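Okay, so the sequence shown: first residue is 21 according to my numbering, each after it adds one.
The beta carbon of each residue, even a glycine, is placed where N, CA and C say it ideally should be.
Keep in mind that this is a model prediction, so the values were computed, not measured.
Structure, as structure tokens:
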Amino acid sequence: MSLIAPRYRGIYLALFCLFALFGISMTVIGASLPKILTEFGWNYATAGAVIASGSVAYFLSSMAAGPVLRRFGPKRAVLSGLVACILGSAFFAATPSPIANLLLNALIGSGQGFIEIVVNWSVLRMDEKGSGRAMNLMHGSFAIGAVAGPMAVGILISAGLRWALLYRAIALVFVLLAIVVAFLPFSRLGREEPGHRQRNKVAVLAKQPLYWLGFVTLLVYVGAELGVSTWVAEFFVKVFLANPALGSFMVSLFWIGLLAGRFGAPALYRGKQQVLLVACSLLLAICVIALAVLGYLQTGGPASIAAAVALVFLSGLGCSVVYPIAVSLVGASFPGAQSGAVSFAVAGGGLGVFVFPYLMSWISQTWGLRAGFMSYAVVAAVTAVSSIALVAAFDKERLARGLEH
């Protein structure tokens, strides 16, 4: 069965490619950070400020993208995001100036927020059956980019080439995709009501529990995902006494699990997406809790390392569908105001991007790495609780409207 109707396939394919590049642009700065620190002479505080500028801009732009999309349409909204990403990527790391790079990374982050909202909104409009499979697959493309970006940095460095060339290449591909996007028939997706009637709808949204649950779910989900993927390598080396190569591979293994779920769910699962969301959020919570507890009980050994490796993969698998299905449920619940509802939910994830890294680093610095990872377990558990509450609110809302769920 086709994921989307034939008339949408051109739009979907173009946005799929765009979202993969979006994934690359989100992860490439972290992968190139060691070279940035060495060549530019930055300290950790300076690098943190530059990285945070992109996260803050992403959060703010994801909030602003909804109204812009309603007023000017998806094409103008996504093109404005593309222009910001092109300008930022074309000049980022061209100079060691912290201020210049902070502003350029903020420009990239602001463009990413617009791209995120428009892509999610567009896929919701294309998914006429509301299965969520098209959304899962679309977010799989982001995961591909998240894996490909760091790999590309490694290849450039290994070849003795300038790592900053990747930013110029990203800008060039963004230009090519902007040309394609300019000719996409977004009119087939329809438009939402602009102006006063839409503002009234958004005011009503704020009174709905599901509106806030989408925000909270993505907020804590991002915290769990960032916590595991960012710290799992160090956790393996310091707690399980694994060698650094195995620790680094754990990051890849986590993303492999996430990729497997995002592509496997649309291909293999035909049931209700609410059930899949609950199952995967519980899997995420159980695995991260088990990994954190295992860190307290063991300090190494083949058995504990083997168990921890399996838990990392399963944690990635549990993460795989939480974000896309949460966005799908929020969008399906507010068909007349999807852009406002989705942009608010995505803003929750944007807030998590720059809040949790600092919070969790402080916990790890103060009480140790085991305590830091246990905090990730708590966040993963909250993600499961919030996901269950989101599904309950979604089902209640569907029943109230007399729809099957």
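Quick one: any contact between the segment 399–416 and the segment 237–247, if contact means 3 or more CB pairs under 8 Å? Counting Cβ pairs under 8 Å, three or more are found: they touch.
Which word fits threonine 115, buried or exposed, when buried means at least 16 other C-beta atoms lie within 10 angstroms of its C-beta? Sequence index remark: in the sequence shown, residue 115 carries index 95 (1-based). In the assembly as shown, threonine 115 is an exposed residue. Its beta-carbon has fewer than 16 other beta-carbons within 10 Å.
Assuming contact is defined by CB atoms lying nearer than 9 Å, are glycine 160 and arginine 282 in contact in what I supplied? For the purposes of this step, residue 160 is taken as residue 140 along the sequence shown, with counting starting at 1. For the purposes of this step, residue 282 is taken as residue 262 along the sequence shown, with counting starting at 1. Their beta carbons are under 9 Å apart, which means glycine 160 touches arginine 282 by this criterion.
Any contact between the segment 76–86 and the segment 158–175? By contact I mean 3 or more CB pairs, one from each, below 8 Å. As far as the Cβ criterion goes, the segment 76–86 does not touch the segment 158–175, which means the pair count is below three.
Can you give the beta carbon distance from leucine 311 to leucine 279, rounded, assuming they're within the 8 Å contact cut? Position 291 of the sequence shown, counted from the first residue, corresponds to residue 311. Position 259 of the sequence shown, counted from the first residue, corresponds to residue 279. Distance from leucine 311 to leucine 279 at the Cβ level is roughly 19 Å; contact not present, criterion being Cβ atoms closer than 8 Å.
Considering only heavy atoms of the ligand SAM, does any lie closer than 8 Å to the CB of alanine 367? Because no ligand of any kind appears in the structure shown, any question about the ligand SAM cannot be addressed here.
Cβ distance (whole Å) where isoleucine 106 is taken to contact valine 195 below 8 Å: The count along the sequence shown starts at 1 and reaches residue 106 at position 86. The count along the sequence shown starts at 1 and reaches residue 195 at position 175. Under the criterion of beta carbons closer than 8 Å, isoleucine 106 and valine 195 qualify as touching, at roughly 6 Å.
Taking only the alpha-carbon atoms, compute the straight-line gap between tyrosine 32 and leucine 302 and give it to the nearest angstrom. Here residue 32 is taken as the residue at index 12 of the sequence shown, counted from 1. Here residue 302 is taken as the residue at index 282 of the sequence shown, counted from 1. Each residue's Cα considered, the two are about 30 Å apart.
Please classify tryptophan 232: does DSSP put it in a helix, a strand, or coil? As a first step, residue 232 must be located in the sequence shown, where it is residue number 212. In the structure shown, tryptophan 232 sits in a helix (DSSP, three-state: H, G or I).
Within its chain, find whatever has a CB closer than 6 Å to the CB of valine 200; leave out the 5 residues flanking it on each side and keep chain order. Against the sequence shown, residue 200 aligns to sequence position 180. The residues are Ala34.
From what residue to what residue does the alpha helix (DSSP H) around aspartate 147 run? Numbered from its first residue, the sequence shown carries residue 147 at position 127. Aspartate 147 -> no alpha helix (DSSP H), and no H or E assigned at all.
Assigned secondary structure, proline 205 (DSSP; H/G/I helix, E/B strand, else coil): Reading the sequence shown from its first residue, position 185 is the one you call residue 205. In this structure, proline 205 counts as coil in the three-state DSSP scheme.
Assign alanine 413 to one of three DSSP states: helix, strand, or coil. Against the sequence shown, residue 413 aligns to sequence position 393. Residue state, collapsed to three classes: helix.
Have a look at histidine 216 and glycine 351 and give me their C-alpha separation to the nearest angstrom. Locating residue 216 in the sequence shown gives position 196, where the first residue counts as 1. Locating residue 351 in the sequence shown gives position 331, where the first residue counts as 1. In this prediction, histidine 216 has a pLDDT of 43, which is less than 50 and means its spatial position is unreliable; what the coordinates show is noted afterwards. Using only the alpha carbons, I get a separation of about 20 Å.
Lysine 95 lies in the alpha helix (DSSP H); which residues open and close that run? Along the sequence shown, one-based indexing puts residue 95 at 75. Counting along the chain, the alpha helix (DSSP H) containing lysine 95 begins and ends at 94–111.
Return the CA-CA distance between valine 313 and tyrosine 396, expressed in angstroms with no decimal places. Along the sequence shown, one-based indexing puts residue 313 at 293. Along the sequence shown, one-based indexing puts residue 396 at 376. CA-to-CA, the gap between valine 313 and tyrosine 396 works out to about 11 Å.
Distance, valine 167 Cα to leucine 72 Cα: Residue numbering aside, residue 72 sits at position 52 when the sequence shown is read from its first letter. Residue numbering aside, residue 167 sits at position 147 when the sequence shown is read from its first letter. Sequence check: residue 72 is alanine here, not leucine. Approximately 21 Å, taken between the alpha carbons.
Cβ separation of glycine 369 and tyrosine 343, assumed to be a contact under 8 Å, to the nearest whole Å: Within the sequence shown, the letter at position 349 stands for residue 369. Within the sequence shown, the letter at position 323 stands for residue 343. Rounded to whole angstroms, the Cβ separation of glycine 369 and tyrosine 343 is 7 Å, and the two are in contact under 8 Å.
Taking the alpha carbon of alanine 253 as the reference point, which residue from Pro264, Asp147 and Ile44 has its own alpha carbon closest? On the sequence shown, residue 253 is found 233 positions in, with the first residue counted as 1. For alanine 253, the nearest C-alpha among the options comes from Pro264.
Which value, in whole angstroms, describes the spacing of the CA atoms of phenylalanine 111 and serine 324? Residue mapping note: residue 111 aligns to position 91 of the sequence shown, counting from 1. Residue mapping note: residue 324 aligns to position 304 of the sequence shown, counting from 1. Rounded to the nearest angstrom, the two C-alpha atoms are 46 Å apart.
Under DSSP, the alpha helix (DSSP H) around tyrosine 378 begins and ends at which residues? Along the sequence shown, read from residue 1 onward, the residue named residue 378 stands at position 358. Note, tyrosine 378: alpha helix (DSSP H), 358–387.
N-terminal and C-terminal residue of the alpha helix (DSSP H) that phenylalanine 42 is part of: Translated into the one-based positions of the sequence shown, residue 42 becomes position 22. Bounds of the alpha helix (DSSP H) holding phenylalanine 42 are 29–51.
Rounded to whole angstroms, what's the CA-CA distance from leucine 144 to alanine 77? Just pull it up for me. As a working note, residue 144 is residue 124 in the sequence shown. As a working note, residue 77 is residue 57 in the sequence shown. Distance between the alpha carbons of leucine 144 and alanine 77 is about 24 Å.
Roughly how far, in whole angstroms, is the beta-carbon of isoleucine 44 from the beta-carbon of valine 98, given that I think they are within contact range, below 8 Å? Position 24 of the sequence shown, counted from the start, is the residue given in the question as residue 44. Position 78 of the sequence shown, counted from the start, is the residue given in the question as residue 98. By a beta-carbon distance limit of 8 Å, isoleucine 44 does not contact valine 98. Their separation comes to about 17 Å.
Taking only runs that begin and end inside the segment 291–358, name each unbroken alpha helix (DSSP H) of 4 or more residues, in chain order. Entirely contained in the segment 291–358, the alpha helix (DSSP H) runs reaching 4 residues are, in chain order, 293–317, 322–339 and 342–353.
Just to check my reading of the structure: serine 359 and isoleucine 137 have Cβ atoms closer than 8 Å, yes? What is that Cβ distance to the nearest angstrom? For the purposes of this step, residue 359 is identified with residue 339 of the sequence shown, where counting begins at 1. For the purposes of this step, residue 137 is identified with residue 117 of the sequence shown, where counting begins at 1. Contact between serine 359 and isoleucine 137 is confirmed by a C-beta separation of about 7 Å, below the 8 Å threshold.
Pair within 9 Å by beta-carbon distance, glutamine 385 and leucine 349: Counting from 1 along the sequence shown, the entry for residue 385 is found at position 365. Counting from 1 along the sequence shown, the entry for residue 349 is found at position 329. Using a Cβ distance threshold of 9 Å, glutamine 385 and leucine 349 do not count as a contacting pair.
Residue range of the alpha helix (DSSP H) that includes arginine 153: Looking up residue 153 in the sequence shown gives position 133. Counting along the chain, arginine 153 sits inside the alpha helix (DSSP H) bounded by residues 153–178.
By Cβ distance, which residues of its chain are closer than 6 Å to histidine 425, with the 5 residues on each side in sequence left out? Stepping through the sequence shown from its first residue, residue 425 is reached at position 405. A caution first: histidine 425 carries a pLDDT of 42, below 50, which makes its placement in the model too unreliable to give a value.
Contacts around glycine 165, its chain only, beta-carbon distance under 8 Å, and the 5 residues preceding and following it disregarded: Numbered from 1 along the sequence shown, position 145 holds the residue referred to as residue 165. The answer, listed in chain order, is Phe39, Ala40, Leu41, Phe42, Gly43, Ile44, Ser45, Met46 and Thr47.
Start-to-end residues for the alpha helix (DSSP H) that takes in leucine 288: Counted from its first residue, the sequence shown places residue 288 at position 268. Segment 264–288, the alpha helix (DSSP H) holding leucine 288.
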